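Sequential numbering from 80 applies to the sequence shown in this note's numbering. Inspection log for the structure reproduced underneath, given as structure tokens.
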Amino acid sequence: MEIQDTKSTLEVTPRNNDKIKKIWKTAGILLALTVAEFIMAFTMDRGILLYVLFILLTVWKAKYIMMEFMHLGDEAKPLFYSIIVPLIFLVWLLIALAKEGTDIFLMRW
């Protein structure tokens, strides 16, 4: 009877420096956007401009995360647009509902 060697050999693949650089670049961009939001939160007056900038930067960060970490940047454009376009309509819906919700109090009975 023959004894089988059950040891598995582990192969170590070399580091892919391009992927590591891409991860650090993505982290740097997201950090820069977050720092910009943080600075704006404490230096700008509260108002519609600040809120619009926050919404734009948040959507930009969400898009970047989807493109890089969910690998949608490498996919076909229709798939990308099928995710982004509903997001734009959702933001529009939230703004419309907030506007209509405040207008109900301005009605005279």
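Glycine included, C-beta positions come from ideal geometry on N, C-alpha and C. Note that this is a predicted model, so its numbers are computed, not measured.
Please classify residue i: does DSSP put it in a helix, a strand, or coil?
i: residue 148; result: coil
i: residue 59; result: With the chain covering 80 to 188 only, the question about residue 59 has no answer from this structure.
i: residue 155; result: coil
i: residue 165; result: helix
i: residue 119; result: helix
i: residue 95; result: coil
i: residue 107; result: helix
I believe residue i touches residue j by the beta-carbon criterion, under 8 Å. Please report the beta-carbon distance rounded to the nearest angstrom.
i: residue 158; j: residue 151; result: 7 Å
i: residue 140; j: residue 112; result: 5 Å
Touch test, the stretch 141-153 against the stretch 97-115, Cβ-Cβ under 8 Å, three pairs minimum: Under the 8 Å Cβ criterion, the stretch 141-153 counts as touching the stretch 97-115, having at least three qualifying pairs.
Inter-stretch contact at 8 Å, needing at least 3 Cβ pairs: the stretch 154-171 / the stretch 125-145: The way I'd put it, the stretch 154-171 does touch the stretch 125-145; three or more beta-carbon pairs between them come closer than 8 Å.
Three-pair Cβ contact test at 8 Å for the stretch 124-142 versus the stretch 92-106: At 8 Å Cβ cutoff, the stretches do not touch.
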